[in-house]
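**Q**
2 protein chains.
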Amino acid sequence: MEIVTGISRMREISRSVRSGVPAGREEQAAGEGDGKTGRGRGPAGARRAGPRRLGFVPTMGALHEGHLSLVRRAREVSDVVVLSIFVNPKQFGPAEDFERYPRDLERDAVLAAREGVEFLFTPSTGEIYPPTFSTSVEVERLSRVMCGASRPGHFRGVATVVLKLLNIISPDVAVFGAKDFQQWVIIRRMAADLNLDVELLLAPIVRETDGLAMSSRNASLSPAERQAARILDRSLHRARGLFARGERAVAVIDGAVRGSLEEEPLARIDYVAVVDPETLEPVASLSGPTLVAIAVRIGGTRLIDNVVLGNEKIAPRQSAPDPQLCRPEAAGRKDENVP
Amino acid sequence: MEIVTGISRMREISRSVRSGVPAGREEQAAGEGDGKTGRGRGPAGARRAGPRRLGFVPTMGALHEGHLSLVRRAREVSDVVVLSIFVNPKQFGPAEDFERYPRDLERDAVLAAREGVEFLFTPSTGEIYPPTFSTSVEVERLSRVMCGASRPGHFRGVATVVLKLLNIISPDVAVFGAKDFQQWVIIRRMAADLNLDVELLLAPIVRETDGLAMSSRNASLSPAERQAARILDRSLHRARGLFARGERAVAVIDGAVRGSLEEEPLARIDYVAVVDPETLEPVASLSGPTLVAIAVRIGGTRLIDNVVLGNEKIAPRQSAPDPQLCRPEAAGRKDENVP
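Protein chains in written order, with this note's numbering: chain A, 99 to 437; chain B, 99 to 437.
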């Protein structure tokens, strides 16, 4: 595994992988053409390894089994996998946890290498956001609701950095996790709206044995808070159960989730949303696929979770996680995100 | 010349040109590889025309010699030229001239074909902005000053559509005109900030015989207004003259330009800006390259013009326009945009 810190080196690698022309040979190969060609798309007959499909997994590091499941999904559909680690200051609010967000590059590098990641991209904040940086990308309505309402500017920061990373790495396919479902909806909308030439894939939520969705922020929980955090999955389980028994009224599903969350004294509800999984607009009833998404504060930690009811396609059944990296009891849990 | 209306067809052409794999053969060529490759980057040994460099000129149509000079510039640095015509509703304010902006695709197609353009891309508004469209790109400070102050949202619309077009066409190089200098600064900033992998070139302003910068909007001027419009170039000429004689005080240059414009009764100044040509911030003196930019209303028509004093690199000396398309007297004017 190569650790790549520079943007230009990352771009060079991407061109090399995707064109099949070894890095550093682009100029030479191009020179064999008509003198105008470039960009590593060497002419026919140049020595080429053959183009390979490039998969990309963007993360903020503090890797856990959830991230590694994204790497495995990327691996299934590509030849070479780039994993990026960049704690993006622009997606943290001024009162948020940017400074204390967990960082452990050494441990992350071990996990990524063990997973077979070919390139670990860890750009510096200064190279991603030089002093003159002044561009932002906004997905207008989708960014204002749910997590966007409590975290103004958050999704602008996410969209901007994801667009930058996609442009730097130029992958054939990028994989995102379903825990950040709103992020997924926004990035997919941005990619379509801006005509990005990349395939985007969603991978299902990976959970701890007791159901808590894996998150780098779980490490901030005290033991008591960690116990209390189980209420997120439990409340969604209640929604799944009601839906499975035929309940289709929004008020009933919403009320059951809220009621469940309110049973936990350490939990403070930020929002419970019962919405269309494409538009994130409230639904009148659960007649089609419906996203039930929640954000809850447990002590000083804000946690999110969600389930899509009524459509396996949107949040497909999860494959078994690697028992090496998950506690063995978790390997049997295959029902995440489906009713 | 092929007229291309669909985004997917345009993308197919771009891939074909840049990869050297003929359009429609991508799947087949890719199939000869390892089964995972795609996107028209066929493996070594596939039948290839050889990759060619793709040049791009974005326009809103109503083509004039200014646009055609951009095509010629693109031709100098690429093998295949795409010219786009799209009157972008998002860059017009509600009270602006979107509806009455001149449109004449037939005439434009003749001019483009005569210039040797290989592909004329004329997407529909509905395909560029489908009903779900909700993404915008903003270059924050640069978009708020000068034309951005009088036209709120204008540069957000410009940046968004240019990013879309660059993503659809994926050119090696794109050429912009110096008349819209602020647009150039913003697009260059956006491309750098978003890590776009494209070369951007600036081509100098092309002027009518009497100095008026060519613009599709000039057609809206009455004969009296057309006469009055000469004041824009004349006022900049005064700035050039002062600068050539060693004047470096902002107040003197600014005052001379304003004074000149105020001599024309039909002209109403929107702004006169004496600014840094990279940051668009006011300069303290003309010690370095300085942009003098003006916007003036003549009747109902808003016209802009500019000159960069003190740096030929930023706005290089213009090559002679094609006498076929310009009035012959114009062919001798080579001093635009230089002091």
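Glycine is no exception: its CB is placed at the ideal position from the N, C-alpha and C atoms. Bear in mind that the values here come from a model prediction, so they are computed numbers and not experimental data.
1) With distances taken Cα to Cα, identify the nearest neighbour of Thr258 of chain A among B:Gly357, B:Thr223, B:Glu238 and B:Gly275.
2) For Gly153 of chain A, count neighbouring Cβ atoms within 10 angstroms of its own Cβ and tell me buried if that reaches 16, exposed if not.
3) When the Cα atoms are used, what is the spatial distance from Pro221 of chain A to His162 of chain A?
4) Rounded to a whole number of angstroms, what is the C-alpha to C-alpha distance between Asp368 of chain A and Arg395 of chain A?
5) Please list the partners that Glu238 of chain A has in chain B, where partner means a Cβ-to-Cβ separation under 8 Å.
6) Can you tell me the Cβ-Cβ gap for Val155 of chain A and Leu168 of chain A, rounded? I've got them flagged as a contact below 8 Å.
7) Does Met244 of chain B come within less than 8 Å of chain A when only Cβ atoms are used?
8) Identify each residue in the segment 252-267 of chain A for which the Cβ-Cβ distance to at least one residue of chain D is less than 7 Å, and report them in chain order.
9) Please say whether Ser385 of chain A and Arg346 of chain A have beta carbons closer to each other than 8 Å?
10) Ordered along the chain, which non-local residues of its own chain (more than five positions away) have a Cβ less than 6 Å from that of Ala311 of chain A?
11) When burial is assigned at 16 or more other CB atoms within 10 Å of the CB, is Glu362 of chain A buried or exposed?
12) Would you tell me roughly how many angstroms separate the C-alpha atoms of Asn409 of chain B and Ala354 of chain B, rounded to the nearest one?
13) Give me the residue from B:Ala349, B:Val119 and B:Arg171 with the minimum Cα distance to Ala301 of chain B.
14) Between the beta-carbon of Pro149 of chain A and the beta-carbon of Ser106 of chain A, is there less than 8 Å?
15) Is there a Cβ of chain A sitting closer than 8 Å to that of Ile111 of chain B, yes or no?
16) So with CB distances below 7 Å, who are the chain B contacts of Leu438 of chain A?
17) Could you pull out every residue in the same chain whose Cβ sits closer than 6 Å to the Cβ of Arg273 of chain B, ignoring the five residues on either side in sequence?
18) Out of B:Gly214, B:Phe341, B:Ala382 and B:His335, which one is the CA nearest neighbour of Ser176 of chain B?
19) Are the Cβ atoms of Met158 of chain B and Ser314 of chain B separated by less than 8 Å?
20) So for Val381 of chain A, helix, strand or coil by DSSP?
21) Looking only at its own chain, which residues have a Cβ that is under 6 Å from the Cβ of Arg336 of chain B, when we skip the five neighbours before and after it?
22) Which runs of the beta strand (DSSP E) spanning at least 3 residues fall entirely within the segment 259-317 of chain A, listed in chain order?
23) How would you list, in chain order, the residues of chain B whose beta-carbon sits under 8 Å from the beta-carbon of Asp295 of chain A?
24) Could you name the residues of the segment 173-186 of chain B whose beta carbon sits closer than 8 Å to any beta carbon of chain A, in the order they occur along the chain?
25) So that I know if they touch, is there some Cβ in chain A lying closer than 8 Å to that of Phe305 of chain B?
26) Does DSSP classify Ala257 of chain B as helix, strand or coil?
27) Once the 5 residues before and after Val102 of chain B are set aside, which same chain residues still bring their CB inside 6 Å of it?
28) When Cβ atoms are compared, which residues of the segment 271-289 of chain A fall closer than 8 Å to chain B?
29) Helix, strand or coil: which one does DSSP assign to Ser320 of chain B?
30) By the three-class DSSP mapping on this structure, what secondary structure does Thr157 of chain A have?
31) For Ile105 of chain A, go through chain B and note every residue whose CB falls closer than 7 Å to its CB, in chain order.
32) Where does Thr233 of chain A land, buried or exposed, given buried means 16+ other C-beta within 10 angstroms?
**A** Here's the rundown:
1) B:Glu238
2) Classification for Gly153 of chain A: buried.
3) 20 Å
4) 7 Å
5) Ordered by position in chain B, the residues that pass the 8 Å Cβ test against Glu238 of chain A are Ser232, Thr233 and Ser234.
6) For Val155 of chain A against Leu168 of chain A, the beta-carbon gap comes to about 5 Å, under 8 Å, which counts as contact.
7) no
8) Considering every chain present, this structure includes no chain D. Its protein chains are A and B.
9) yes
10) Lys277, Ile303, Arg305 and Asp403
11) buried
12) 20 Å
13) B:Arg171
14) no
15) Not one chain A Cβ lies under 8 Å of Ile111 of chain B.
16) This structure leaves residue 438 of chain A out entirely; chain A is present only between 99 and 437.
17) A small fix is needed here, since residue 273 of chain B is Val in this sequence, not Arg. These residues qualify, in order along the chain: Val155, Leu168, Arg171, Ala172, Leu299 and Ala301.
18) B:Gly214
19) yes
20) coil
21) Around Arg336 of chain B: Ala354 and Ser358.
22) The segment 259-317 of chain A contains these whole beta strand (DSSP E) runs: 271-275 and 297-301.
23) Arg109, Arg137, Asn265 and Ser268
24) Val175, Ser176 and Asp177
25) Here the sequence assigns Arg to residue 305 of chain B, which means Phe is not the residue at that position. No, because no Cβ of chain A sits closer than 8 Å to the Cβ of Arg305 of chain B.
26) helix
27) Result list for Val102 of chain B: Met108, Phe217 and Phe219, in chain order.
28) Arg287 and Met288
29) Judged by DSSP in its simplified three-state form, Ser320 of chain B adopts coil rather than helix or strand.
30) strand
31) The answer, in chain order, is Asn293.
32) Here Thr233 of chain A is buried. Its C-beta has 16 or more other C-beta atoms within 10 Å.
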